[in-house]
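Everything below concerns the one structure shown next.
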Amino acid sequence: MAFYRSLGSIPPKRHTQHRTPSGALYYEELMGEEGFSSDSSLLYHTGVPSAIVDATGWDLPGQETTENRPLMPRHLKLHELTSNDWKAVDAVTGRRLVLGNGDVRISYVAAGEASPLYRNAIGDECVYVESGEATVETVFGVLPARQGDYVILPRATTHRWIPTGDEPVRLYAIEANSHIAPPKRYLSRYGQLLEHAPYCERDLHGPAEPLLAEGTDVEVLVKHRGSRGITGTRYVYATHPFDVVGWDGCLYPYTFNIADFEPITGRVHQPPPVHQVFEGNNFVVCNFVPRKVDYHPLSIPVPYYHSNVDSDEVMFYCGGNYEARKGSGIAQGSISLHPGGHSHGPQPGAVERSLGAEFFDELAVMVDTFRPLELGEGGLASEDPAYAWTWAGRGPSA
Numbered sequence: 001m002a003f004y005r006s007l008g009s010i011p012p013k014r015h016t017q018h019r020t021p022s023g024a025l026y027y028e029e030l031m032g033e034e035g036f037s038s039d040s041s042l043l044y045h046t047g048v049p050s051a052i053v054d055a056t057g058w059d060l061p062g063q064e065t066t067e068n069r070p071l072m073p074r075h076l077k078l079h080e081l082t083s084n085d086w087k088a089v090d091a092v093t094g095r096r097l098v099l100g101n102g103d104v105r106i107s108y109v110a111a112g113e114a115s116p117l118y119r120n121a122i123g124d125e126c127v128y129v130e131s132g133e134a135t136v137e138t139v140f141g142v143l144p145a146r147q148g149d150y151v152i153l154p155r156a157t158t159h160r161w162i163p164t165g166d167e168p169v170r171l172y173a174i175e176a177n178s179h180i181a182p183p184k185r186y187l188s189r190y191g192q193l194l195e196h197a198p199y200c201e202r203d204l205h206g207p208a209e210p211l212l213a214e215g216t217d218v219e220v221l222v223k224h225r226g227s228r229g230i231t232g233t234r235y236v237y238a239t240h241p242f243d244v245v246g247w248d249g250c251l252y253p254y255t256f257n258i259a260d261f262e263p264i265t266g267r268v269h270q271p272p273p274v275h276q277v278f279e280g281n282n283f284v285v286c287n288f289v290p291r292k293v294d295y296h297p298l299s300i301p302v303p304y305y306h307s308n309v310d311s312d313e314v315m316f317y318c319g320g321n322y323e324a325r326k327g328s329g330i331a332q333g334s335i336s337l338h339p340g341g342h343s344h345g346p347q348p349g350a351v352e353r354s355l356g357a358e359f360f361d362e363l364a365v366m367v368d369t370f371r372p373l374e375l376g377e378g379g380l381a382s383e384d385p386a387y388a389w390t391w392a393g394r395g396p397s398a
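For the sequence shown, position 278 matches number 278 in UniProt numbering, and the numbering has no gaps at all.
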């Protein structure tokens, strides 16, 4: 995120001596993107950040995917993935892979237990909090996370999720094979969010102060690439990774709440790019939030039928009433997958019902991918087999 922050104790000039009160040197770590050629931050540790004392394999939860064949629109009921013993489930090892390709993986979890320390070394994570609350402890400091927050965690940020409250924290995790950032069209050439952007820097909330933790022989789970795809390693560090006394730079985790997204509306129906909030390599993330709808006297507020020529469209329904999908079985916690090659749009009757509407009370997170998505274990386990036939009102056996 390209605007500068400084927290805690740092020296006046980078790459110079910075000493503890007792005279020992702090250990400076550069965390940067794209081989020293993009955003970075400098962190100052009390211990050596590279000091591992053990490394063993970590067997990740199922990462296998199944081709979407025959090519069909899908309805996935993510709340069916909630375990009855959610209090014993954590937000890292409890994730169920729903959809994925080589660019992005979408997982879901309802968690009540603190997660292990964790680092994703494959790409950035954008985690949407559907409901509940959590504290996200990171090497940069603490982020409080609440319903409606996107939690953006840069690649290789060591962190852990600690649910708070009496209900599970429900997380919709979008894991990239790249970095995740605001769309380039929202940014000036120097990285400031422009006036036409639907949010600004005031809406982005980073850590308020460093998180100092002590400990020895501390385990961290690392997700990384292997010769056969995604794999994992369990490191044991000599000292606690959260021993940072200060940091500064333009790379750090932050939250953005969907309620702070200012919708762009028009006299006639606006296309999905006006709802965009983030982008990664070969995918985009959009919000559909409560908003005034089209105000031309002959407008049709629900979307027109459309073919995803170049993308798969994934919609996660997380609040309100989604007018275009009435009669399809889709509800809170549902995902619809509309793949490239399939024309889709409103359910029968939705167009007429929408005429004259002035406001839509709906909340959804959309991911459009530019390579086909496959179904993960969680997607296969939560599918509604009747959805594909809801436009016609009958299936192949009718």
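Cβ atoms here follow ideal geometry from the backbone N, Cα and C, with glycine treated the same way.
Annotation: residue 119 to residue 14 spans about 26 Å, alpha carbon to alpha carbon. Residue 9 and residue 247 have their C-alpha atoms spaced approximately 7 Å apart. In the DSSP assignment, residue 160 falls within the unbroken beta strand (DSSP E) covering 159-164.
By the CB criterion at 7 Å, residue 312 and residue 373 fall inside the cutoff. Relative to residue 229, the option among 5, 64, 162 and 35 whose CA is nearest is 64.
Around the C-beta of residue 30, fewer than 16 other C-beta atoms lie within 10 Å, and the residue is accordingly described as exposed. The beta carbons of residue 103 and residue 283 sit closer together than 7 Å.
CA-CA distance, residue 395 to residue 107, rounds to 29 Å. Under DSSP, the beta-bridge partners assigned to residue 52 are 237. Between the alpha carbons of residue 326 and residue 347 lies a gap of roughly 7 Å. The residues 150, 172 and 365, in chain order, have a CB closer than 6 Å to that of residue 128 in the same chain once the five nearest residues on each side in sequence are set aside. Burial state of residue 23 is exposed, judged by a 10 Å Cβ sphere holding fewer than 16 other Cβ atoms.
Straight through space, the alpha carbons of residue 320 and residue 87 are spaced by roughly 27 Å. By the criterion of a C-beta distance shorter than 7 Å, residue 371 is surrounded in its chain by 101, 102, 103 and 282, once the five residues flanking it on both sides are discounted. In this structure the region 51-59 does not touch the region 67-85; the number of beta carbon pairs closer than 8 Å is below three. Pairing residue 186 with residue 197 gives a Cβ-Cβ distance under 7 Å.
Taking a contact as a CB-CB distance under 8 Å, the pair residue 26 and residue 245 counts as one, their CB atoms being some 6 Å apart. Looking at the backbone, the Cα of residue 112 and that of residue 164 are separated by about 8 Å.
Across the structure, residue 167 and residue 91 are spaced so that their CA atoms are roughly 14 Å apart.
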